[in-house]
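Notes for the one structure printed next.
Protein chains: 2
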Amino acid sequence: MNDIQKPDFDQSFQDKLQQLLEWRRDVRHFKTDALPDGLLDHLLDLTCLSPSVGNSQPWRFVSVDDPERRAAIRSNFETANTDALQGYDGEKAQLYAKLKLSGMDRAPVQMAVFCHEETSQGHGLGHKTMPEMLRYSSVLAVHTLWLAARAHGVGLGWVSIIDPEKAAATLEVPEDWRLVAYLCIGYPEEEQVTPELVQLGWQDRQDDCRKVLRR
Amino acid sequence: MNDIQKPDFDQSFQDKLQQLLEWRRDVRHFKTDALPDGLLDHLLDLTCLSPSVGNSQPWRFVSVDDPERRAAIRSNFETANTDALQGYDGEKAQLYAKLKLSGMDRAPVQMAVFCHEETSQGHGLGHKTMPEMLRYSSVLAVHTLWLAARAHGVGLGWVSIIDPEKAAATLEVPEDWRLVAYLCIGYPEEEQVTPELVQLGWQDRQDDCRKVLRR
Chain L
2 MNDIQKPDFD QSFQDKLQQL LEWRRDVRHF KTDALPDGLL DHLLDLTCLS
52 PSVGNSQPWR FVSVDDPERR AAIRSNFETA NTDALQGYDG EKAQLYAKLK
102 LSGMDRAPVQ MAVFCHEETS QGHGLGHKTM PEMLRYSSVL AVHTLWLAAR
152 AHGVGLGWVS IIDPEKAAAT LEVPEDWRLV AYLCIGYPEE EQVTPELVQL
202 GWQDRQDDCR KVLRR
Chain Z
2 MNDIQKPDFD QSFQDKLQQL LEWRRDVRHF KTDALPDGLL DHLLDLTCLS
52 PSVGNSQPWR FVSVDDPERR AAIRSNFETA NTDALQGYDG EKAQLYAKLK
102 LSGMDRAPVQ MAVFCHEETS QGHGLGHKTM PEMLRYSSVL AVHTLWLAAR
152 AHGVGLGWVS IIDPEKAAAT LEVPEDWRLV AYLCIGYPEE EQVTPELVQL
202 GWQDRQDDCR KVLRR
């Protein structure tokens, strides 16, 4: 199996990967155009190459297609968002109210990603002292999907202003599945290199995250 | 800012990105060679392009250099690993005992990644109903680092068989930092397309993770 030609990741690929990271974006403004046949399947195949603790592959995908369920999830978001707004005062509250924090109004694909918490896959390896590793593995899958989508011109927006238990009930998933992410997916209305939260003055990038503590 | 030339992610880049995902690997066998000057800094710059809830960028990096602290972390791993072994019987226990689950013996770089749980960055946006979103953002950063490293020929191994509170104490980090990942980083002894846990018969890939539930 390892006789397969090993890849050569040259400078040109490294530069393009950097561009992918720079232009990724969390997208909330979508065109309603459907994705071409087969593209989402291909993106999910790539997603399944994600790392996971003990090779547990605990990510589970739910495509939310039914209009009533979509409406219920959107109402879940709106309730949580109204509640979140109460936590801000003055200018920050005014700004928060103007933010578009979900693309559920137009995104052609809506995909919930769960973690199968009781999976036997992986035989428990690597998540005894850090049980959160299973959920983290589902997060890694979301990031793979995000980057793969963007490389194909497709935008993804992660909606986290949502009650996860209520969403799981709406989607009637097995009891040992925990919602990790609710994703809106489709072609973006605009390509942007600057995060919308930076553009709109909510939160600039800062340098704390770049410092390395030496120990 | 958006007058910048938009990138063109063509088929050739998409193919190479697929190869990157296929050849990523969780590495436990390292060469002891140091990374070239500046490479780790560059990888961390790329890592800071990761998505984060509310643009909170809560990831915090700790380079573990001190031999005594390295020894303490390694002992933390060994204790947790011995304990984990007790959970298996028969053939699975024999196999577990043979697995190499940490590259701490040789990796030239050891990097702990934390989540700054009480960061004010992001102003609380997006993690009221799902407080785990901050930690998830640090997980996204780890994945970015992983892929960027691999694109530069550098391997990364995520050690999760570790007591996170004890590791935080060893590294004397602020009280509101939570360990998300302990990473071994360096050039891999071998490049592999097949995960080691598959090669050694611990856990094959399976198809459950690829199914899409329709709702």
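Going line by line, the protein sequences match chains L and Z.
At position 198 of the first sequence the residue is numbered 199 (this note's numbering), and the sequence of numbers has no breaks.
At position 200 of the second sequence the residue is numbered 201 (this note's numbering), and the sequence of numbers has no breaks.
Beta carbons are placed, not taken as given, at the ideal position from N, Cα and C, and that holds for glycine.
Among the CB atoms of chain L, none fall inside 7 Å of the CB of Z/Asn82. One thing to note: Z/Val63 has its Cβ no nearer than 7 Å to the Cβ of Z/Leu146. Here the C-alpha atom of Z/Lys212 lies approximately 30 Å from the C-alpha atom of Z/Lys129.
In the DSSP annotation of this structure, the continuous segment of the alpha helix (DSSP H) that includes L/Tyr137 starts and ends at Met134 to Ala152. Z/His30 does not reach chain L, its nearest Cβ partner there being about 13 Å away, counting only Cβ pairs nearer than 9 Å. Residues of the stretch 88 to 107 of chain L with a C-beta atom less than 9 Å from some C-beta of chain Z are Gly88, Tyr89, Lys93, Tyr97, Leu100 and Leu102, listed in chain order. Boundaries of the beta strand (DSSP E) harbouring L/His117: Val110 to His117, taken from the DSSP string.
If you draw a straight line from the Cα of L/His153 to the Cα of Z/Gln95, it is about 44 Å long. Under the three-pair Cβ rule at 8 Å, the stretch 131 to 143 of chain Z counts as touching the stretch 182 to 189 of chain Z.
Under the DSSP assignment, L/Val213 falls in the beta strand (DSSP E) whose first and last residues are Val213 to Arg215. With its beta carbon at least 7 Å from every one in chain Z, L/Thr33 lies outside the interface.
Taking 7 Å as the threshold, the shortest C-beta distance from Z/Asn77 to chain L does not fall below it.
Straight across, the Cα-Cα distance linking Z/Ala98 with Z/Asp84 is about 11 Å.
For L/Cys116, no CB of chain Z lies under 7 Å from its own CB, so it is not counted at the interface with that chain. Of the other Cβ atoms in all chains shown, fewer than 16 fall within 10 Å of the Cβ of Z/Lys7; this residue is therefore exposed.
In the three-state DSSP reduction, L/Ser64 falls in the strand class (E or B).
Taken through DSSP and simplified to helix, strand or coil, Z/Val155 comes out as coil.
Taking all protein chains shown into account, L/Leu18 has 16 or more neighbouring C-beta atoms within 10 Å of its C-beta and is therefore buried. The three-state secondary structure of Z/Leu21, taken from DSSP, is helix.
Taking a Cβ-Cβ threshold of 7 Å, the residues of chain L close to Z/Asp164 are Thr130, in chain order.
Restricted to the stretch 180 to 212 of chain L, the alpha helix (DSSP H) segments that are unbroken, complete and at least 4 residues in length are 197 to 200, listed in chain order. When 9 Å is used as the limit between beta carbons, L/Glu176 is near no residue of chain Z, the shortest such separation being about 14 Å. A residue is called buried when at least 16 other Cβ atoms come within 10 angstroms of its Cβ; Z/Asp209 does not meet this threshold and is exposed. Just measuring C-alpha positions, the residue of L/Ser57, L/Phe78 and L/Leu45 sitting nearest Z/Trp203 is L/Ser57. Note on L/Pro196: 16 or more other CB atoms within 10 angstroms of its CB, so buried under the neighbour-count rule. Taking 7 Å as the threshold, the shortest C-beta distance from L/Ala150 to chain Z does not fall below it. Using a Cβ-Cβ cut-off of 7 Å, L/Val54 counts as an interface residue toward chain Z, since at least one Cβ of chain Z sits closer than that to its own. According to DSSP, residue pairing for Z/Val160 in a beta bridge involves Z/Tyr183. In this structure, the straight-line span from the alpha carbon of L/Asp42 to that of Z/Ile163 is close to 36 Å. If you draw a straight line from the Cα of Z/Met112 to the Cα of L/Leu126, it is about 21 Å long.
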